[in-house]
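Student: One structure follows; several queries about it will come next.
Protein chains: 2
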Amino acid sequence: MMSEGPPVPETRVLAVASHVVSGYVGNKIAVFSMQTLGCDVAALNTVQFSNHTGYGQWTGNKVSAQEITDLYRGLKNSYLDDFDMMLSGYVPGAEALEAVGKIAEELKERAKKAPGSFFWVLDPVMGDNGNLYVAQDVVPVYRNLVSHADLILPNQFEAELLSEVKIEDMASLGHAIQVMHRRYGIPHIVITSVSLRHPDHPDASLSVVGSTMTSERRARAFKIVFPAIDCYFSGTGDMFAALTVVRMREAVWNTPGLATAESWRSDDSIDALDLPLAKAVEKVLASMHEVLTKTCEAMDIGLRRRLGETQVNGGVDDKKMRLLKSKAAELKLVRHVDSLRSPKVQFRAVKM
Amino acid sequence: MMSEGPPVPETRVLAVASHVVSGYVGNKIAVFSMQTLGCDVAALNTVQFSNHTGYGQWTGNKVSAQEITDLYRGLKNSYLDDFDMMLSGYVPGAEALEAVGKIAEELKERAKKAPGSFFWVLDPVMGDNGNLYVAQDVVPVYRNLVSHADLILPNQFEAELLSEVKIEDMASLGHAIQVMHRRYGIPHIVITSVSLRHPDHPDASLSVVGSTMTSERRARAFKIVFPAIDCYFSGTGDMFAALTVVRMREAVWNTPGLATAESWRSDDSIDALDLPLAKAVEKVLASMHEVLTKTCEAMDIGLRRRLGETQVNGGVDDKKMRLLKSKAAELKLVRHVDSLRSPKVQFRAVKM
């Protein structure tokens, strides 16, 4: 049986993020997600680690700022820098992040004569749940870069770092979004996995909140509420960002005239719920929810099989148990590509 | 529309080969090919180059033997070395190749108590068309490793290096295969893109020749003749090897009892044309032929578009023309995943 064709026109993406040999975070999940949806992805890996750091132990090396710059120069020298989009994720250290920023700024600068011809999705990976997991000097570098990006995907904590607004409820979240639009002129913002209480939200629900600013940098915010899944995953932010790259391009291509507008920013007359960003995020969330549900279902089975095998070899201590759980929680993507290609949208954007 | 499910049961593959940021050779094409067919692939990259060396220029670095060993140790330490299969491709230098060989030998050794539980596909990347493109000291390392592998995929030149038989016609090719089975005890051999004249072969045809040895190391050879495509591609060997990993596992899983036989070697009563290897290679070739045909069709369009853009900027010299041609010849895989998943088999195995 033939599956349907790719959702986007030919799209060449530069993806800059970490690589893990085993498992699914960073470029390891982002590259496959975008390729499966038909993108020609250039994958510039900022580290090569055996596995993600959530295991608590790993081997491998980081790529230096100089190596990142050299790899990009190699692309340029061979006319391989004709990118339509760029996705940047985890970059180790301030110097390497500055090198990545220079690449993006150069591509943005060159595209100025053809509005909409290059779009930079920046995932400002700094931390989560109140904990910074990069060096302190990385934060100001991100604050500088955000004004050059077209779309950012901070989580709640990263949105606080960028806006310097304490987010405690939906009202302060809306304020943080407004501050980021105004301060950085960043056209599109998606805040992933917001866990704030609100009369509209049932218990154990999360939301994603997005906004595309108007010509006067006013927020047009929507939220999508969805049920939380009671499992701890790694790589969800990276998968979310990669799918957003593709679904944003798809939604913009389906909107006459928008692909040649600067930063794909919708006309001021467009309502929050009619934004291409809202359509895109609805599809991204649908894919995420399907993959996470399937991962969670498979986790127990995978873990029990491994435990069965190891019982024979003399039981399991706490450390081994933690490692086996990390492995069992790796996103189950490759056997569920239909969830990427044809997600069933259940959760719709509503006004903030 | 739902596409069909993966052709193989859950399969965890360790893929060791080169990584290029842009384009499709080595792990860049192998990993996506196997993931698209449902495999959980651990990708250990032996280099990170901006682009493949066929462009004549590139930037990036090789990974050292020590780093390869360390990455594997990282996997082992976290119980991530539970591989069903391994695919090894280009490895830079004798020392790094020895490090990869040690990984494979360790996995083979551990699997001895459960025959068929681990299968190593070794692509002995040494050269092509009479030219060695690795250092001379790599050749003896491959000669040592082949006796530990389950399936090798040399091209005609590499088969000469391993067998020390000059291949001039189908008879000497058959002899080279017999020598390799006998000398190395290598159970499965596939010789890719053989361009020998034979009364059966129309002009401008190529063949792939395969064999699974009997318990007495006798060859059971078949060939598949297919039309040559008049384009120069890179990465075809890597894509062929990756698809062989998946299609071999599929064919073996469809043969009762074979998955627990040592090296998935068919019973002596099985005829060459009924070998799972023959079924596997028929599907691999079908996918290859579809992707190469589509790549060739798209080449001229891609090249003309780029030339049109550059005319405006002042024309094209010879070097630029060569670089643009290399880019236009990159395999067009991501937008043709149906050719991987559901190839239409046109070319069938026949007796040698």
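Protein chains in written order, with our numbering: chain A, -3 to 348; chain B, -3 to 348.
C-beta atoms are modelled at their ideal positions from N, C-alpha and C, and glycine is treated no differently.
Mind pulling the chain A residues with CB within less than 9 Å of residue 114 of chain B?
Tutor: Residues of chain A passing the Cβ test: none, with the nearest at roughly 15 Å.
Student: Is the distance from the Cβ of residue 169 of chain A to the Cβ of residue 190 of chain A below 8 Å?
Tutor: yes
Student: Return the residue from the list B:225, B:144, B:17 that minimises the CA-CA distance to residue 104 of chain B.
Tutor: Closest in alpha carbon position to residue 104 of chain B, among B:225, B:144, B:17, is B:144.
Student: Can you tell which of A:225, A:55, A:228, A:215 has its C-alpha closest to the C-alpha of residue 263 of chain A?
Tutor: A:215
Student: How would you call residue 22 of chain B, buried or exposed, if buried means at least 16 neighbouring beta carbons within 10 angstroms?
Tutor: By the C-beta density criterion, residue 22 of chain B is buried, having at least 16 other C-beta atoms within 10 angstroms.
Student: Measure the alpha-carbon distance for residue 336 of chain A versus residue 273 of chain A and round it to whole angstroms.
Tutor: 17 Å
Student: If we cut at 8 Å on Cβ distances, does residue 316 of chain A have a partner in chain B?
Tutor: Interface residue, yes.
Student: Any idea if residue -3 of chain B is buried or exposed, counting beta-carbon neighbours within 10 angstroms, 16 or more meaning buried?
Tutor: Confidence in residue -3 of chain B is poor, its pLDDT being 39 and thus under 50, which makes the residue's placement too unreliable to answer from.
Student: Mind checking whether the beta-carbon of residue 60 of chain B lies closer than 7 Å to any heavy atom of the ligand GTP?
Tutor: Looking at this structure, you won't find the ligand GTP or any other ligand, since it has none at all.
Student: For residue 269 of chain A, does the count of other Cβ atoms within 10 angstroms reach 16, so buried, or fall short, so exposed?
Tutor: Exposed.
Student: Looking only at its own chain, which residues have a Cβ that is under 6 Å from the Cβ of residue 159 of chain A, when we skip the five neighbours before and after it?
Tutor: 172, 175, 176
Student: Using the beta-carbon of each residue, which ones in chain B are nearer than 9 Å to residue 285 of chain A?
Tutor: Correct list: empty, because the minimum Cβ distance to chain B is about 17 Å.
Student: Of the residues that make up the segment 82 to 105 of chain B, which ones have a beta carbon closer than 8 Å to any beta carbon in chain A?
Tutor: none
Student: Can you list the residues of chain A that residue 292 of chain B reaches, using a CB-CB cut of under 7 Å?
Tutor: Those within 7 Å of residue 292 of chain B in chain A number zero; the least Cβ separation is about 17 Å.
Student: So residue 3 of chain A contacts chain B; which residues on that side make the cut at Cβ distance below 8 Å?
Tutor: Ordered by position in chain B, no residue passes the 8 Å Cβ test against residue 3 of chain A, which lies about 11 Å from the chain.
Student: With 8 Å set as the bound, which would you pick, yes or no: does the beta-carbon of residue 18 of chain A sit closer than that to a beta-carbon of chain B?
Tutor: yes
Student: Might you give, ordered along the chain, the residues of its own chain that have their beta carbon closer than 8 Å to the beta carbon of residue 142 of chain A, omitting 5 neighbours on each side?
Tutor: 118, 120, 148, 158, 176, 180, 182
Student: What residues from chain A crowd round residue 153 of chain B, counting only those whose CB sits closer than 9 Å?
Tutor: Here the premise fails: no neighbours, minimum Cβ distance about 27 Å.
Student: Between which residues of its own chain and residue 298 of chain A is the CB-CB distance below 8 Å, once the five residues before and five after are set aside?
Tutor: 323, 324
Student: Can you tell me whether residue 200 of chain A is buried or exposed, with buried defined as 16 or more other CB within 10 angstroms of its CB?
Tutor: exposed
Student: Could you check if residue 259 of chain A is buried or exposed, using at least 16 other CB atoms within 10 Å of its CB as the buried criterion?
Tutor: buried
Student: Using only the alpha-carbon positions, how far apart do residue 281 of chain B and residue 163 of chain A sit?
Tutor: 57 Å
Student: Name, please, each residue of chain A whose Cβ falls closer than 8 Å to the Cβ of residue 323 of chain B.
Tutor: 74, 75, 76
Student: Per DSSP, what kind of secondary structure is residue 271 of chain A in: helix, strand or coil?
Tutor: coil
Student: Taking the alpha carbon of residue 11 of chain A as the reference point, which residue from A:99, A:194, A:303 has its own alpha carbon closest?
Tutor: A:99
Student: Give the DSSP-derived three-state secondary structure of residue 31 of chain B in the structure shown.
Tutor: helix
Student: Roughly how many whole angstroms lie between the Cα atoms of residue 110 of chain B and residue 230 of chain A?
Tutor: 33 Å
Student: Under a CB-based cut-off of 8 Å, is residue 245 of chain B close to chain A?
Tutor: Not closer than 8 Å to any Cβ of chain A, the Cβ of residue 245 of chain B fails to qualify, so no.
Student: Here's a check: name, in chain order, each residue in its chain whose Cβ is nearer than 7 Å to the Cβ of residue 295 of chain A, leaving out the five neighbours to either side.
Tutor: 227, 324, 325
Student: Applying a beta-carbon distance threshold of less than 9 Å, which residues of chain B neighbour residue 56 of chain A?
Tutor: 63, 66, 67, 70
Student: Can you check whether the CB of residue 330 of chain B is closer than 8 Å to the CB of residue 77 of chain A?
Tutor: no
Student: Give a yes or no on whether the minimum CB-CB distance between residue 180 of chain B and chain C is below 8 Å.
Tutor: The chain labelled as chain C is not found among the protein chains of the depicted structure, namely A and B.
Student: Return the CA-CA distance between residue 235 of chain A and residue 29 of chain A, expressed in angstroms with no decimal places.
Tutor: 7 Å
Student: Strictly under 8 Å for the Cβ-Cβ distance: is residue 28 of chain B near chain A by that measure?
Tutor: yes
Student: Between which two residues does the beta strand (DSSP E) carrying residue 44 of chain A extend?
Tutor: 36 to 45
Student: Relative to the alpha-carbon of residue 130 of chain B, which residue among B:88, B:217, B:271 has its alpha-carbon at the smallest distance?
Tutor: B:88
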